[in-house]
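In the UniProt record's numbering, the protein residues as written are 240 to 556. Using N, Cα and C, we set each Cβ at its ideal position, and we do this for glycine too. Heads up, the thing below is written out as structure tokens.
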Ligand code: PEP
Ligand code: MG
């Protein structure tokens with residue numbers, strides 16, 4: 240019995256008609272990365288590297304970062320381990336990484352914007368990531384991308400650090416660089432971003448916040464900020480179609496991917512992987528199993544035509 244049930248918990252989720260959906264894990268550290276693979280995730284869709292930086296007065300050095308990334312990459316075996324560079328700013332504050340006080344931090348220097356303004360921190364992280372990429376299937380994604388030039392600049396810096404590492408006699412390779420699609424601009428212009436990125440990862444938490452103009456940390460507007468709003472669903476669908484057309488992989492790594500109501504219609508949007516906290520994997524697996532691709536496609540069509548998130552939720556229930 241154990242062998243059968245364990246088998247059923249691993250590999251892709253299977254919809255009622257046999258269509259497969261890759262499930263990955265969202266993790267915050269190397270230990271969670273190891274655990275998530277035992278719980279049946281096919282690799283890591285989002286390693287939030289900021290958790291290595293939070294709750295301390297100094298920044299983790301290259302060696303400490305390398306050890307953590309290497310452990311996560313090795314835990315994934317042949318499956319991809321997608322590590323996100325430091326996503327600081329907005330609601331995420333770090334004592335060792337001061338960001339000038341801003342009136343609107345969510346619209347200010349956060350994610351890739353903060354990294355590019357603190358290049359030495361970015362360089363150290365990239366060095367650790369380039370070395371971890373020599374240990375397995377490591378991919379690197381950039382948070383809060385608005386313009387393709389941000390991706391290009393990171394690639395230039397990574398190239399310089401690769402040369403430096405080689406000169407120092409350290410093993411390193413350039414990983415695939417991907418963009419998080421979590422600003423409406425990146426979603427609307429996904430075709431342009433796809434020319435500069437090796438893959439996409441859709442951050443629906445921020446994408447919903449910015450599309451619906453509802454602060455994700457403000458309980459009073461939580462209902463307005465629901466990512467099941469048709470406006471957000473249309474942006475997600477457009478992004479997946481752009482990735483599929485460009486032939487690059489795309490994952491959804493925001494909370495919506497772990498929502499059993501949402502998972503089937505997300506899977507119906509095109510070729511897309513879903514990434515979530517390891518605790519949600521089995522729930523999403525069973526939700527997908529109950530629906531065929533065709534039914535999910537019909538539900539998606541209807542959901543896209545509804546007027547607000549509440550209507551979509553009620554319809555999907
Ligand atoms: C997101 O915005 O959906 C996301 C996955 O990133 P975070 O929640 O860490 O901002
Ligand atoms: Mg985000």
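Residue 433 and residue 485 do touch by the CB rule: their CB atoms are close to 4 angstroms apart, below 8 angstroms. Between residue 320 and residue 282, the C-beta spacing is below 7 angstroms.
Taking 6 angstroms as the cut-off, the C-beta of residue 347 does not count as close to any heavy atom of the ligand MG.
According to DSSP, residue pairing for residue 286 in a beta bridge involves 266, 322. For residue 492, the Cβ falls inside the 6 angstroms cut-off from some heavy atom of the ligand PEP.
If only uninterrupted alpha helix (DSSP H) runs of at least 4 residues are considered, those enclosed by the segment 299 to 359 are 301 to 314, 351 to 356. Below 8 angstroms, enough C-beta pairs join the segment 545 to 556 and the segment 452 to 471 to call them touching: three or more. In the DSSP secondary-structure assignment, residue 381 is bridged to 418. With 16 or more other Cβ atoms inside 10 Å of its own Cβ, residue 498 counts as buried. Under the criterion of beta carbons closer than 8 angstroms, residue 496 and residue 521 do not qualify as touching, at roughly 14 angstroms. With respect to residue 287, residue 267 sits close: the two C-beta atoms are nearer than 7 angstroms. In the three-state DSSP reduction, residue 254 falls in the coil class, being neither helix nor strand. Where residue 521 is concerned, the enclosing alpha helix (DSSP H) starts and stops at 520 to 528. Per DSSP, the continuous alpha helix (DSSP H) segment holding residue 443 begins and ends at 443 to 450. By the Cβ test, the segment 444 to 458 is in contact with the segment 415 to 424, since at least three Cβ pairs between them sit closer than 8 angstroms. Residue 338 and residue 258 have their C-alpha atoms roughly 46 angstroms apart. Counting along the chain, residue 495 sits inside no beta strand (DSSP E), nor does DSSP assign it H or E at all.
As the crow flies, the alpha-carbon of residue 251 is around 12 angstroms from that of residue 276. For residue 464, the distance from the CB to the nearest heavy atom of the ligand MG is not below 6 angstroms.
In the structure shown, residue 511 falls within a coil segment according to DSSP collapsed to helix, strand and coil.
When rounded, the separation of the alpha-carbon atoms in residue 518 and residue 532 is 24 angstroms. If you check the CB distance, residue 382 and residue 323 come in under 7 angstroms.
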